Amino acid sequence: MASGEPQQQQTQQVQQQAPATVITSSVEEPLDLIRLSLDERIYVKMRNDREVRGRLHAFDQHLNMVLSQVEETVTTV
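The numbers in the sequence shown follow our numbering, run straight up by one, and end at 135.
Shown next, in the form of structure tokens:
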């Protein structure tokens with residue numbers, strides 16, 4: 059059992075580091091992070107305390123977005 063424990067710890071360390079490595083190597087510009095979210099559900103916080111959640115289908119350099127299955131939340135004070 060003792061010989062398997064270091065192997066297991068090493069595997070856990072690699073698994074913990076892998077996602078960050080993938081993201082940092084793929085993201086060179088801010089829009090790259092949004093590109094990674096295509097066809098995923100995202101959360102967008104806008105001015106005037108408006109929030110939307112939906113599936114991202116497209117976006118442009120001005121951050122106009124095409125979303126589907128959208129839920130909007132408006133907070134009033």
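Ideal Cβ placement from N, Cα and C applies to all residues, glycine included. As the structure is a computational prediction, the values presented were derived from the model and not from experiment.
Hey, would you say residue i sits closer than 9 angstroms to residue j, going by beta carbons?
i: Arg99; j: Gln119; result: no
i: Leu89; j: Leu114; result: no
For residue i, which residues from the same chain have a beta carbon less than 7 angstroms from its beta carbon, with the 5 sequence-adjacent residues on both sides left out?
i: Thr134; result: none
Can you tell me the Cα-Cα spacing of residue i and residue j, whole angstroms?
i: Thr131; j: Arg105; result: 12 angstroms
Sorted by chain position, which residues of the same chain lie with C-beta nearer than 6 angstroms to residue i's C-beta, five sequence neighbours on each side aside?
i: Arg93; result: none
i: Tyr101; result: Arg111
i: Val85; result: Leu91
So who's on the other strand from residue i, going by DSSP bridges?
i: Val110; result: Val102, Glu130
i: Leu94; result: According to DSSP, Leu94 bridges with nothing at all.
i: Val135; result: Paired residue(s): none; Val135 is not in a bridge.
i: Val124; result: Ala116
Leaving out five residues before and five after residue i in sequence, what residues of the same chain have Cβ atoms less than 8 angstroms from its Cβ?
i: Asp107; result: Val132, Thr133, Thr134, Val135
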